[in-house]
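Asks: Numbering (my numbering), first residue to last: 1 to 315.
For glycine and all other residues, C-beta sits at the position ideal for the given N, C-alpha and C.
Encoded as structure tokens, here's the structure I'll be asking about.
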């Protein structure tokens, strides 16, 4: 079963379901599930699925194996596995995992970068706490080993995050949850440094996001981007979806919505002007895309931001 706060986004042509994170206004986009023998019951035979958000797995007890894309990976005690959006997860033998014990924290990049920062894997590759999730040239799982002497501390970090997430009504909930996630990601970054692992972002993905960043305010299409990269539109869509978890148009729309949120929060521009400067055409289309993505109108979102930040717009 997918974790809470997620829902089915789409199903790939090969039948793999892809889940998206459901954002809740005012709540950090961070969740955590624990996996033990009770989690096996009720799962489909190979539990093949993918996410369009970031997942970090910590293996307390490594028993059995999982499949990440086309690679069979045997779990080991004390390993950390960063799973980038779009990677296919599953198992050819779920019963072999019955004695395994793991934590999985799942989150959106905005939990680290801030909700109004550019949501592209280019940014992840350049950020010390997210570089482990950047789409890489290699399709190997990229597991990192926690030294035996540090494993109790790692278990405690995930347990602390789980405890904080259990009570959203507590004072300082947002700050505590964000701090707990940051502590874990700092640990991952230090493990990567000590292992000498070099995270190289996939060159095609890098070129793709540079085009999106350059042209998102213009009326670009998948065909336009594919032509510049020397691919057919269908092939580029497949490759980008497999390597990042979203399609070309998904990423273009996400970049435009990020810009729209910035303009709504930081300026008093009218909705038509916000739409034009974001590449979303007009106020009507802006409203439809905004409601579809965030479950509220641009006006309601702007009002919520003003209540949260009484200082108001900066421009």
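#1: Going by CA-CA distance only, name the one from 130, 214 and 31 that's closest to residue 192.
#2: Going by beta-carbon coordinates alone, are residue 253 and residue 223 separated by less than 8 Å?
#3: CB residue 305 to CB residue 269, shorter than 8 Å?
#4: For residue 315, which residues from the same chain have a beta carbon less than 6 Å from its beta carbon, with the 5 sequence-adjacent residues on both sides left out?
#5: Take residue 272 and list the residues in its own chain whose beta-carbon comes closer than 7 Å to its own, dropping the five residues that flank it on each side.
#6: DSSP three-state label for residue 127, please.
#7: Residue 106 bridges to which residues according to DSSP?
#8: Name the DSSP bridge partner or partners of residue 6?
#9: Should residue 53 and residue 103 be called a contact, given that it needs their Cβ atoms to be closer than 8 Å?
#10: Leaving out five residues before and five after residue 379 in sequence, what residues of the same chain have Cβ atoms less than 6 Å from its Cβ?
#11: What span of residues does the beta strand (DSSP E) with residue 213 cover, start to end?
#12: Which residues share a DSSP beta bridge with residue 74?
#13: Assign residue 284 to one of three DSSP states: helix, strand, or coil.
#14: By a C-beta neighbour count over all protein chains shown, 10 Å radius and 16 as the cutoff for buried, is residue 95 buried or exposed?
#15: Check whether the Cβ atoms of residue 178 and residue 28 sit closer than 8 Å, and answer yes or no.
#16: Helix, strand or coil for residue 43, going by three-state DSSP, please let me know.
#17: Measuring CA to CA, which of 144, 50 and 24 is closest to residue 241?
#18: DSSP beta-bridge partners for residue 89?
#19: Taking the alpha helix (DSSP H) that residue 248 belongs to, which residues open and close that run?
#20: For residue 15, count the other beta carbons within 10 Å of its own beta carbon; 16 or more makes it buried, fewer makes it exposed. Which is it?
#21: Tell me which residue opens and which closes the beta strand (DSSP E) that residue 81 is part of.
#22: According to DSSP, is residue 146 part of a helix, a strand, or is it coil?
#23: Can you give the Cα-Cα distance for residue 236 and residue 149, rounded to whole angstroms?
#24: Grouping DSSP H, G and I as helix and E and B as strand, with all else coil, what is residue 101?
#25: How many angstroms separate the CA atom of residue 259 from the CA atom of residue 278?
#26: Inspect the CB distances between the region 62-71 and the region 81-94 and report whether three or more fall short of 8 Å.
#27: Between residue 126 and residue 217, what straight-line distance do the alpha-carbon atoms span, to the nearest angstrom?
#28: For residue 166, is the classification buried or exposed, using 16 other Cβ atoms within 10 angstroms of its Cβ as the cut-off for buried?
#29: Rounded to a whole number of angstroms, what is the C-alpha to C-alpha distance between residue 87 and residue 124?
#30: For residue 11, which residues does DSSP report across the bridge?
#31: Relative to the C-alpha of residue 81, which residue among 255, 114 and 55 is closest?
#32: Taking the straight line between their C-alpha atoms, what separation do you get for residue 244 and residue 75?
#33: Can you list, in chain order, the residues of its chain with a C-beta nearer than 6 Å to that of residue 180? Leave out the 5 residues immediately preceding and following it.
Replies: Walking through what the data contain:
#1: As a working mapping, residue 192 is identified with position 192 in the chain shown. Of 130, 214 and 31, the residue nearest in Cα terms is 130.
#2: Position 253 of the chain shown, counted from the first residue, corresponds to residue 253. Position 223 of the chain shown, counted from the first residue, corresponds to residue 223. No; because the gap between Cβ atoms is not below 8 Å, this pair is not in contact.
#3: Here the question's residue 305 lines up with position 305 in the chain shown. Here the question's residue 269 lines up with position 269 in the chain shown. No, the Cβ-Cβ distance between residue 305 and residue 269 is not below 8 Å.
#4: Locating residue 315 in the chain shown gives position 315, where the first residue counts as 1. Bear in mind that a pLDDT of 48 at residue 315, under 50, signals an unreliable position, so the number given afterwards is only what the model happens to contain. Cβ neighbours of residue 315 beyond the five flanking positions: 266 and 267.
#5: Within the chain shown, numbered from 1, the residue matching residue 272 stands at position 272. The answer, listed in chain order, is 282 and 283.
#6: Within the chain shown, numbered from 1, the residue matching residue 127 stands at position 127. Three-state DSSP puts residue 127 in coil, outside helix and strand.
#7: The residue you call residue 106 lines up with position 106 of the chain shown. 31 and 55.
#8: The residue labelled residue 6 in the question sits at position 6 within the chain shown. BP columns for residue 6 point to 21.
#9: Sequence index remark: in the chain shown, residue 53 carries index 53 (1-based). Sequence index remark: in the chain shown, residue 103 carries index 103 (1-based). Against a cut-off of 8 Å, the Cβ pair of residue 103 and residue 53 comes out as no contact.
#10: In this structure the chain extends from 1 to 315, so residue 379 is not present and cannot be described.
#11: As a first step, residue 213 is located in the chain shown; it is residue number 213 there, counting from the start. No beta strand (DSSP E) contains residue 213, which is instead part of the alpha helix (DSSP H) from 203-215.
#12: The residue labelled residue 74 in the question sits at position 74 within the chain shown. In DSSP, residue 74 forms a bridge with 65.
#13: Here residue 284 refers to the residue found at position 284 of the chain shown. The answer is helix: DSSP assigns residue 284 an H, G or I state.
#14: Position 95 of the chain shown, counting from 1, holds the residue named residue 95. It counts as exposed.
#15: Your numbering for residue 178 matches position 178 in the chain shown. Your numbering for residue 28 matches position 28 in the chain shown. Closer than 8 Å, so yes.
#16: In the chain shown, counting from the first residue as 1, residue 43 sits at position 43. Three-state result, residue 43: coil.
#17: Locating residue 241 in the chain shown gives position 241, counting from the first residue. The option with the nearest alpha carbon to residue 241 is 50.
#18: By 1-based counting over the chain shown, the position of residue 89 is 89. Paired residue(s): 49 and 68.
#19: Here residue 248 corresponds to residue number 248 of the chain shown, with the count starting at 1. Taken as a continuous stretch (DSSP letters only), the alpha helix (DSSP H) holding residue 248 covers 248-266.
#20: Here residue 15 corresponds to residue number 15 of the chain shown, with the count starting at 1. By the 10 Å Cβ count, residue 15 comes out exposed.
#21: Position 81 of the chain shown holds residue 81. Start and end: 79-83.
#22: Residue numbering aside, residue 146 sits at position 146 when the chain shown is read from its first letter. Here residue 146 sits in coil by DSSP.
#23: One-based indexing of the chain shown puts residue 236 at position 236. One-based indexing of the chain shown puts residue 149 at position 149. Cα to Cα, the separation comes out at about 45 Å.
#24: Indexing the chain shown from 1 puts residue 101 at position 101. Reduced to three states, the DSSP call for residue 101 is strand.
#25: Working through the chain shown from its first residue, we reach residue 259 at position 259. Working through the chain shown from its first residue, we reach residue 278 at position 278. Approximately 6 Å between the Cα atoms of the pair.
#26: yes
#27: Here residue 126 corresponds to residue number 126 of the chain shown, with the count starting at 1. Here residue 217 corresponds to residue number 217 of the chain shown, with the count starting at 1. Roughly 23 Å between the two C-alpha positions.
#28: Stepping through the chain shown from its first residue, residue 166 is reached at position 166. So residue 166 counts as exposed.
#29: By 1-based counting over the chain shown, the position of residue 87 is 87. By 1-based counting over the chain shown, the position of residue 124 is 124. Spanning the two alpha carbons is a distance of roughly 16 Å.
#30: For this step, residue 11 is matched to residue 11 along the chain shown. Looking at the DSSP assignment, residue 11 forms a beta bridge with 17.
#31: Residue 81 sits at position 81 when you count from the first residue of the chain shown. Selected option, being the one with the closest Cα: 55.
#32: Indexing the chain shown from 1 puts residue 244 at position 244. Indexing the chain shown from 1 puts residue 75 at position 75. So the alpha carbons of these two residues sit roughly 24 Å apart.
#33: Within the chain shown, the letter at position 180 stands for residue 180. Here the set comprises 160, 161 and 164.
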